[in-house]
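In the working numbering, the protein residues as written are -1 to 349.
Here the structure comes first, spelled out in structure tokens, and everything after it is commentary.
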Amino acid sequence: MTKLVRAAVLTNYLEVAHYLGLNPHDLLAGVGLSKALLQAPEQRIPIDAAVRLLEDSAVASGCQTFGLSMAESRQLSDFGVVSLLLTHQRTLRDALQVLVHYRHLMNDSLAIFVEEAGRMVIIREEVVTESPMPCRQANELAIGVMFRLCAALLGAHWHPYSVNFTHQPPDNVQLHRRLFGCNLEFGSEFNGIVCPNASVDMTNPHADPAMARHAQRYLDSLQSHEGPSTLFEVRKAIYLLLPMGRATIEQIAQSQGMNVRTLQRRLKEDDCTFNDLINDVRRDLVLRYLENPSYSLSQVADMLGYSMASSFTRWFISQFDMPPAAWRSTHKPGSPKAPTDSTTLPDSNNP
-1 MTKLVRAAVL TNYLEVAHYL GLNPHDLLAG VGLSKALLQA PEQRIPIDAA
49 VRLLEDSAVA SGCQTFGLSM AESRQLSDFG VVSLLLTHQR TLRDALQVLV
99 HYRHLMNDSL AIFVEEAGRM VIIREEVVTE SPMPCRQANE LAIGVMFRLC
149 AALLGAHWHP YSVNFTHQPP DNVQLHRRLF GCNLEFGSEF NGIVCPNASV
199 DMTNPHADPA MARHAQRYLD SLQSHEGPST LFEVRKAIYL LLPMGRATIE
249 QIAQSQGMNV RTLQRRLKED DCTFNDLIND VRRDLVLRYL ENPSYSLSQV
299 ADMLGYSMAS SFTRWFISQF DMPPAAWRST HKPGSPKAPT DSTTLPDSNN
349 P
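Encoded structure:
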């Protein structure tokens, strides 16, 4: 079944496209979407179409920061019916848990994992599509939106250590510096935000527990009785946990709130096995990693869960009929050129 997301994930698309001189009608039609769909934020659209639209638009406009430009003026209200519950969460940690729990009402393709790392907290994010495709623009949009959510809830108390991207930097990082205002880590091993653990537990002075309970009751009434697809949820968990060395069937089952036997049974109902999913995710991630020149082959092997480089090489040859070094030498990273100046919308409403 096609995975759908709220059309609101493309909020500000038309504004950015027009500002960059694009014809959005043709680009939308090219992925099976229309302007009318974008003007109905609660309408559901295929996630693959939305991600492809962002990548196509970045290429057509020559703007490497197309997705991030869309995030620059996002507001809490753009989260739809979930925004009221987010506003009244006691802490940022609670708000992040709300995002994970009610992701099916917003963006079912976004995988989020909050990792404790000593005095730091890492908010890992990954946009997961049904078909393998470039996700640079979608990931930058998702991280930009997450950053603005944190800033809206914490205000002047929001001081992250860094914003991390697995891809290489654009030719012009002015927009990234203006929007994030903290250390930028490109060529990182993950996409996400690193912040002090004190930040996520800071009390929200505007939180109203009564309003939060009211909003939660309403959201629970909207939840589908069928629940999310186990297959897709497991894929998202693997995307996040594989680079961390934690994508074992036990860890994945725990992340889904079930035991190993239940997970295996549900995957079997979808004519799939856990090893099939691991292999599919590896095939997608390995090409992303190899396109990034900052990753050594041993580093790529490690992020894919191989302790021996020789084991990684044998697997890669079995999948792509050539060694990883040969693939890398024949596939150079390609991305649209950045404009001479960073994109700035004329009417940006920052919280």
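Backbone N, C-alpha and C define an ideal beta-carbon position, used for all residues, glycine too.
These numbers were taken from a predicted model, which means no experiment stands behind them.
**Study point:** DSSP three-state assignment for Pro44, whether helix, strand or coil
**Key:** strand
Review point. Counting Cβ pairs closer than 8 Å, one from the stretch 117 to 130 and one from the stretch 52 to 59, do we hit at least three?
Key: no
Point to revise | Whole-angstrom distance between Gln135 and Val14, CA atom to CA atom | key: 13 Å
Review point. What first and last residue would you give for the beta strand (DSSP E) that runs through Glu114?
Key: 108 to 115
**Study point:** For Asn162, the first and last residue of its enclosing beta strand (DSSP E)
**Key:** 160 to 162
Check your understanding: Arg211 lies in the alpha helix (DSSP H); which residues open and close that run?
Key -> 207 to 220
**Study point:** Gly190 in three-state terms, based on DSSP
**Key:** strand
Check your understanding: From this set, Pro167, Leu36, Gln262, Arg244, which residue's C-alpha is nearest Tyr304's C-alpha?
Key -> Arg244
Point to revise | Sequence-distant residues of its chain with Cβ nearer than 6 Å to His165 (five each side left out) | key: Arg134
Check your understanding: By how many angstroms is the C-alpha of Leu240 removed from the C-alpha of Phe310?
Key -> 14 Å
Point to revise | CA nearest to the CA of Gly78, picked from Gln41, Val112, Leu108 | key: Gln41
Point to revise | Selection from Arg281, Gly28, Glu289, Leu2 that minimises the alpha carbon distance to Tyr237 | key: Arg281
Check your understanding: So the alpha helix (DSSP H) Glu138 belongs to, where does it begin and stop?
Key -> 134 to 152
Point to revise | Span separating the alpha-carbon of Asn202 from that of Ala323 | key: 50 Å
**Study point:** 8 Å Cβ cutoff met for Arg101 and Leu90
**Key:** no
**Study point:** Within 8 Å, strictly: CB atoms of Met68 and Tyr159
**Key:** no
Check your understanding: Just reading off the beta strand (DSSP E) that Leu2 is part of, what are its end residues?
Key -> 2 to 4
Review point. For the alpha helix (DSSP H) that contains Met68, what are its first and last residues?
Key: 64 to 69
Exercise for review: Taking Val232 as part of the alpha helix (DSSP H), name the residues at either end of that continuous run.
Suggested key: 228 to 239
Practice item. Identify, in the order they occur along the chain, each residue of the same chain with its Cβ nearer than 7 Å to the Cβ of Leu295, setting aside the five sequence neighbours on each side. Key: Ala307, Pro322, Ala323
Review point. Nearest-angstrom Cα distance between Asn273 and Ile120?
Key: 27 Å
Check your understanding: How would you call Arg233, buried or exposed, if buried means at least 16 neighbouring beta carbons within 10 angstroms?
Key -> buried
Practice item. Work out the CA separation of Ala213 and Arg88 for me, nearest whole Å. Key: 14 Å
Exercise for review: Evaluate Glu123 with the Cβ neighbour count: other Cβ atoms within 10 Å of its Cβ, from every protein chain shown; 16 or more gives buried, anything less gives exposed.
Suggested key: buried
Review point. Under the three-state reduction of DSSP, which class applies to Val279: helix, strand or coil?
Key: helix
Review point. With C-beta atoms as the reference, is Val198 less than 8 Å away from Cys180?
Key: no
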